[in-house]
Amino acid sequence: MTDQRFNPLSADKRWQSRWAESGIFEADDQSPKPRSYVLEMFPYPSGRIHMGHVRNYTMGDVLARFRRMQGFEVLHPMGWDAFGMPAENAAMEKKVHPGEWTHANIASMRDQLKTLGFAFDWSRELATCDPEYYGQEQALFIDLFEGGLVYRKESAVNWDPVDMTVLANEQVIDGKGWRSGAPVEKRKLSQWFLKITDFAEELLDGLKDLKGWPEKVRTMQENWIGKSQGLQFHFALAEKQQDIDTVEVFSTRPDTIFGASFVALSADHPLAQQLAENDDKLAAFCEECKKSGTTAAELETMEKKGFDTGLKAVHPLDPSWELPVFVANFVLMDYGTGAVFGVPAHDQRDLDFARKYALPVTRVVAAKGDEDAPIHDEAYSGPGKLVNSRMLDGMEIETAQKTVIDRAQTEGWGTAQTTWRLRDWGVSRQRYWGTPIPIIHCETCGAVPVPKDQLPIVLPEDVSFDIPGNPLERHPTWADADCPKCGQAARRETDTLDTFVDSSWYFLRFASQPGDKPFDAETVQKWLPVSQYIGGVEHAILHLLYARFWTRALASIGKLDFSEPFESLFTQGMVTHETYKHGDGSWLSPDEVRKNGTDWEVIADGSAVTTGRVEKMSKSKKNVIDPDPIISQYGADAVRFFMLSDSPPERDLPWSESGIEGSWRFVQRLWRLFTSIADQAPNSGEDKALKRKLHQTIADVAEYIEGLSFNKAVAKVFELVNMIEKAAPSADRDTAIRNLAIIVAPMVPHIAEEAWALLGNDGLIAAQPWPEVDESLLVEDEVTIAIQVRGKLRDTITVAQGSDKSALEELALASQKVQRIIDGADIKKVIVVPDRLVNIVI
RNA sequence: GCGGACGUGGCGGAAUGGUAGACGCAGCAGACUUAAAAUCUGCUAUCCGAAAUGGGUGUGCGGGUUCGAGUCCCGCCGUCCGCACCA
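Counting with this note's numbering, you get residues 1224 to 2065 for the letters of the first sequence.
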């Protein structure tokens, strides 16, 4: 007698071991089959998986399993983004070595992932903190160094005073460190940089071809790269100041040059600094500018302020025209040249500024008819023709720009220039738990790369985290090294690489991981680009831009033959949960509260609870559901199924107790269907409608999984199950149930395997081909036609599929309901859409 | 401010310009049961109506295109996300 209930407790484990033993999910580099590389963003080993991971990896797993059934050789690997700050924080708090802590976390998270039955190729597992990985990263760093894509420079960097490390621009959010939240300071340090700006143009152009990427992400990267074209030129100063006699500015609107009414410098501008040395008031003003905040709110309310230096700048197109030179709080030093010329009529900031300091506002661009319209509180940035602009008058904006640029270049006071928002990527971190930068500093030879045969440069084990800062710097001997060039005593670089470097090439290492080099280009070429990459949108800029850059950089030095790593990208939504708040304002976790009628109360004392917004699961709001107990209670399949149901994958998924209950019920419904035909003589007889539904479902589910519309695939499976349950026993019903097991196998693989065995099949269902669709069954032989009168539905009729127009028209007009509505009125027109509807216009 | 996404029942959401609300959740009624759980059956946008194999209304709001609009166009309103004194 077969169990009446599916018991995931024993079944899940059993099939997970069978999959592991069979090696079925290990990708074969030599396979003659078409290939598909399905990749989810690898996790940071924080210690526990969370629902976001579960959702992410379930989606990838369904696609990977499905593609395998479709006949692809699938690469679906998993690894660990294992370097980073939390390990050092743990080391400080718990007195454990970061490596020990990280490896323990990896072990427990690996176990957790395994309980979900993901079809990963565990033979390719990697952790970025292992020397086998980061040693190869050091080799790549040296390749890039030798390829001229790495340089070192003294620069003002973003310094996080809490984490005591440098941050990339991308890691500074609203002036605060992305991890610590501490206000970022500016410091001058010698740092290693990667020349991402060399690739700005192609990283931007490449976005156009990434058809499989969400528009949103492409736009975000485009904005981040921030290309601006314009004219860079200089104003001569009326009086030379020490060694400075010009002010260099950049403008995207050189056409408005005759609307200029002032020149403004950033407080950090060399000229401003120089003037401040002899002017206490200016110095104070500059200090104030630097202190002012950079958060969105502050910027919005902040007043435009300036300090008149008293200097005059000579207009390049009219030597008799002098403009006042201000230091202004809204001019940024790290964009363009750190100085601008102000055109109040056509730039809102300039206008605000001009009004405050009573500077002239001259319109130089006007739409037809507005030539004499004054500018009030709003600057005009629309289209039009030039006015009040001497030789430019009457020109279109573009022509005027070209004219001014040509003239500047001819006369030698300016050049056409492209300015980027994107900065080179500073990769030095003053941390222990990262990839050591493989460089030796020699007093005579300078920075010398470590010879590759001396790699990996392994992190020392004997370090302490008692005091903040970088333990590598304090280590008594680790930094001692001989210069590889001249043999003299030298010093090893003690900075480590930003962890985003680690994740910029792991997808290559997954495809090929030889012991003696980072990867085998030929093997990588077989698998890459990743056909489907899945992860959170929070990586839309940082990780995804760096990975694109790294791939292009390696291609540019001949290490790779392709330039974009991810053909398709999917950014999945978050897993959310309702929040609960106690009367005193403290957050409550879902297991501390219960529903009492329509209200919520605290279980412990019955006091009132207010339910808050459905939000991303977070520790601070206490609305986190730990996957582990859920998996033990309901089994992997129910959890996986819930992750796929209801919400479209790109949107947020609200976790609910009733939702997981529903998935559990569904798994049991499946089981009842499977057991209903097990150990029984085959049924006979036809069920044409069910057969048709089966084939439609096979086709629909395939289409929806391929399109990552898992919620729709789930709905189609429900429809089939509902129909099978209502159907009388028949041979077609038996077939439908057998095929159902295959259809659901990518989503709920454990019960599918169990059913496959139960129904007397050999081998693994995971290795079965996706069922063939009988195309002839996809079209209904009878269709329901809507009959409308003036676009309103009045009746429906059922006719043979493919009935001709005149027959439909006749049938429609014969409808009693239709006749009643028409009531003898003239029929003006009859629209007939075969197999769809008839619309009678009266 | 700029860019993007979105707005459909109590909730999550379906719907190549062609029967709005598939499917799930929740709810209601019933069956089975000593009882509960589990399971099964039916109902479930809304208003009028005792009901109808009756009608009205309905996809944020206002217009438009069309025989026909949730879908396309124009203008608003709102929510969310990203970027942001970027010259």
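Note that CB positions come from ideal geometry on N, CA and C, so glycine has one too.
* To do: Determine the direct distance from the alpha carbon of Asp1676 to that of Asp1703, and round the result to whole angstroms.
  => 18 Å
* Taking all protein chains shown into account, decide if Glu1745 is buried (16 or more other Cβ within 10 angstroms of its Cβ) or exposed. => exposed
* Asked: How many angstroms separate the CA atom of Gln1891 from the CA atom of Leu2001?
  -> Answer to the nearest angstrom: the Cα atoms are 29 Å apart.
* Asked: Taking the Cβ atom as the reference point for each residue, do Ala1562 and His1492 lie within a distance shorter than 7 Å?
  -> With respect to His1492, Ala1562 sits close: the two C-beta atoms are nearer than 7 Å.
* Can you tell which of Gly1559, Met1308, Lys1527 has its C-alpha closest to the C-alpha of Gly1657? -> Met1308
* Reduced DSSP category for Thr1518 - H, G, I as helix; E, B as strand; rest coil -> With a pLDDT of 46 at Thr1518, under the threshold of 50, the predicted position of this residue should be treated as unreliable, and no value is reported.
* Asked: Given Trp1773, which residues of its chain have a CB within under 6 Å of its CB, disregarding the five upstream and five downstream residues?
  -> The answer, listed in chain order, is Ser1727, Trp1728.
* Asked: Val1554 and Ala1459 look like a contact to me (Cβ under 8 Å); what is the Cβ gap, rounded to whole Å?
  -> Actually they are not in contact, since the Cβ atoms of Val1554 and Ala1459 sit about 19 Å apart, beyond 8 Å.
* What do you reckon, are the CB atoms on Val1550 and Ala1495 nearer than 7 Å? -> yes
* Give the secondary structure of Val2105 by DSSP, where H, G and I count as helix, E and B as strand, and everything else as coil. => An answer regarding residue 2105 cannot be provided, because it is not within the stretch 1224 to 2065 covered by the chain.
* **When Ala1904, Asn1934, Lys1939, Ala1712 are compared against Leu1917, the one with the closest alpha-carbon** => Measuring from the Cα of Leu1917, the nearest candidate turns out to be Lys1939.
* Asked: Between which two residues does the beta strand (DSSP E) harbouring Asp1705 extend?
  -> 1703 to 1705
* Can you give the Cα-Cα distance for Gln1624 and Phe1485, rounded to whole angstroms? -> 19 Å
* Curious, which full-length beta strand (DSSP E) runs of at least 3 residues does the segment 1340 to 1410 contain? -> 1373 to 1383, 1388 to 1390
* So Glu1447 packs on Arg1644, CB below 8 Å; how close in whole Å? -> It is Trp, not Glu, that sits at residue 1447 in the sequence shown. Correct: roughly 7 Å between the Cβ atoms.
* For Leu1232, count neighbouring C-beta atoms within 10 Å of its own C-beta (all shown protein chains included) and say buried if the count is 16 or more, exposed if not. => exposed
* Asked: Based on the DSSP secondary-structure assignment, which residues constitute the bridge partners of Gln2011?
  -> Note: Gln2011 sits in a beta bridge opposite Leu2016, Asn2062.
* Asked: From Gln1465, Lys1450, Lys1463, Ala1461, pick the residue whose C-alpha is nearest to that of Ser1474; which is it?
  -> Lys1450
* How about Glu1249 and Asp1344: are their beta carbons less than 7 Å apart? -> yes
* Asked: For Pro1493, which three-state DSSP category applies?
  -> helix
* **Local conformation of Gln1653 per DSSP, three classes** => coil
* Rounded to a whole number of angstroms, what is the C-alpha to C-alpha distance between Ile1966 and Lys1914? -> 14 Å
* Own chain residues within Cβ distance below 8 Å of Asn1279, not counting five before or after -> Closer than 8 Å at Cβ, skipping near neighbours: Glu1263, Met1264, Ile1757, Gly1758, Gly1759, Gln1795.
* Asked: When burial is assigned at 16 or more other CB atoms within 10 Å of the CB, is Ile1662 buried or exposed?
  -> buried
* Asked: Start and end of the alpha helix (DSSP H) containing Gly1759?
  -> Element bounds for Gly1759: not the alpha helix (DSSP H) but the beta strand (DSSP E), 1755 to 1759.
* **With 16 other Cβ atoms within 10 Å as the buried cut-off, status of Trp1544** => exposed
* Around the C-beta of Glu2066, are 16 or more other C-beta atoms found within 10 angstroms, so that it is buried, or is it exposed? -> Only positions 1224 to 2065 of the chain appear in this structure, which leaves residue 2066 out of reach.
* To do: Determine the DSSP secondary structure at Ile1900, reduced to helix, strand or coil.
  => Correct three-state label for Ile1900: helix.
* So what does Phe1789 bridge to, in DSSP terms? -> DSSP, once it has assigned bridges, lists Val1753 as partnering Phe1789.
* Asked: Does DSSP put Cys1512 in a helix, in a strand, or in coil?
  -> helix
* Asked: Just to confirm, are Val1380 and Arg1410 a CB contact at a threshold of 7 Å?
  -> yes
* Option nearest Arg1241 by Cα separation, candidates Trp1993, Ile1988, Pro2057, Val2041 -> Here the closest residue by C-alpha is Ile1988.
* Asked: Where Gly1400 and Val1724 are concerned, what is the direct C-alpha to C-alpha distance, given to the nearest angstrom?
  -> 18 Å
* Look up Asp2027 in the DSSP assignment and say whether it is helix, strand or coil. => coil
* Do Asp1957 and Glu1909 come within 7 Å of each other at the CB atom, strictly closer than that value? -> No. Outside cutoff.
* Grab the span of the alpha helix (DSSP H) containing Pro1547 for me, first residue to last. => First-last for Pro1547: 1541 to 1551, but that is the beta strand (DSSP E), not the alpha helix (DSSP H).
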